[in-house]
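Sequence positions in the sequence shown follow this note's numbering and run 17 to 169. Beta carbons: idealized from backbone N, C-alpha and C, even for Gly. From a predicted model like this one, the values you see are computed outputs, not experimental measurements. Input: a single structure, listed below in structure tokens.
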Amino acid sequence: MSDEQRLSVGDVDPKAYEAVLGLERYVHHSGLDPRLYELVKIRASQLNGCAFCLDMHARDARACGEDQRRLDVLSAWREAPGLFTERERAALRFTEAVTLIAEAGVSDPVWTELTRCFDQGETVALLMAVATINVWNRLAVSTHQHLPALDRA
């Protein structure tokens, strides 16, 4: 794989980039718990293999108080149920189903668990959050978006 970034969507078509930023702004102001939103973004990015988003959202999660241990085991969250709340587990299961939607859709048991833990407004916000990070992942992976330089202080 080439190390060269293929293009910058924002530089080539700022309106396209702004459209996705509009989704991000909606989700950011939707009332979702910021730590939960970061877990969702990280889990989808793990499934999609998006290094740029993993790097960004792990830092963002730590900045909003997320525990490093939970981040370390997030890809195997089912094996560490005691580290994640019922709501978080429902959101992670839903995130996986929506991200991998072509495999089996969103099953009734996943939907039932989600709607037991989240009201309709929260469910819409969570669906929009998962959809939005999947858009960002697809843009970054397709274009080989570069990671930012490390801060070496």
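- Apart from sequence neighbours up to five positions away, the residues of its chain that approach E20 with a beta-carbon distance below 8 Å are H160, ordered along the chain.
- Of all C-beta pairs linking the stretch 20 to 40 to the stretch 123 to 138, fewer than three are shorter than 8 Å, placing the two stretches out of contact.
- Contact between the stretch 70 to 84 and the stretch 107 to 115 is not established, with fewer than three Cβ pairs separated by less than 8 Å.
- In this structure the stretch 80 to 92 touches the stretch 52 to 66; the number of beta carbon pairs closer than 8 Å is three or more.
- The three-state reading of DSSP puts L163 in coil, since its state is none of H, G, I, E or B.
- Selection V146, L142, R154 evaluated against Y33 yields R154 as nearest (Cα-Cα).
- C-alpha of R132 to C-alpha of L142: approximately 14 Å in a straight line.
- In this structure, DSSP gives V122 a state outside helix and strand, which the three-state scheme calls coil.
- Out of R41, R94, L99, the CA that lies nearest to the CA of R85 is found in L99.
- Look at L155 here: in three-state DSSP terms it is helix.
- Taking C-alpha positions only, D29 is separated from N150 by approximately 19 Å.
- Short of 7 Å from the beta carbon of A60, and not among the five residues preceding or following it, lie these beta carbons of its own chain, in chain order: T111, T115, V146, I149, N150, N153.
- Between V89 and the set C69, Q62, C66, R103, the nearest pair of CA atoms involves Q62.
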